[in-house]
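**Q**
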Amino acid sequence: MNLPWLRATNQGLSLQVKVKPSSKQNAIFIDQTAGLQISLQARAQDGKANKMLVQYLAKELGLQQKQIEISRGASSRIKTLTIKIAADEQEKLMQVLLTLRR
5 MNLPWLRATN
15 QGLSLQVKVK
25 PSSKQNAIFI
35 DQTAGLQISL
45 QARAQDGKAN
55 KMLVQYLAKE
65 LGLQQKQIEI
75 SRGASSRIKT
85 LTIKIAADEQ
95 EKLMQVLLTL
105 RR
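Dropping the structure here:
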């Protein structure tokens, strides 16, 4: 699987996402050119969008919030997330991510 926005690491999975704050609804979809995009209702103010990003992604993926960390781009729309997950669960989570088209 060769997806530039998704890769396995020693700590889990690394995701590059483009976040659209102040959207009408929360949504996740895969854009063929940009990869994973997440629309959030929260505004990009005082970390509200970052907090909602972690909450929403954890809910959609069936993970705990503490498993998801913004490792790069906290003040940018393009962020790198680290999802802390065991190696034997990585492939399953990758498949779940590939089915997210809402």
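First residue of the sequence shown: 5, per the numbering used here; consecutive thereafter.
The beta-carbon is built from N, C-alpha and C at its ideal position, and this holds for glycine as well.
All figures in this text were calculated on a predicted structure; none of them were measured in a lab.
Out of Gln69, Val23, Gly51, Ile74, which has the shortest C-alpha to C-alpha gap to Gly39?
**A** Checking every option, the nearest Cα to that of Gly39 belongs to Val23.
**Q** Going by DSSP in three states, Gln45 sits in which element: helix, strand or coil?
**A** Reduced to three states, the DSSP call for Gln45 is coil.
**Q** Helix, strand or coil for Ala78, going by three-state DSSP, please let me know.
**A** In this structure, Ala78 counts as coil in the three-state DSSP scheme.
**Q** Using C-beta distances below 8 Å, list every residue in its chain close to Arg106, excluding the 5 sequence neighbours before and after it, in chain order.
**A** Residue placement at Arg106 is flagged as unreliable, the pLDDT there being 45, under the threshold of 50; a coordinate-derived value is accordingly withheld.
**Q** Among Val21, Ala78, Gln99, Ile72, which has the Cα closest to the Cα of Ala48?
**A** That would be Ala78, whose Cα lies nearest to the Cα of Ala48.
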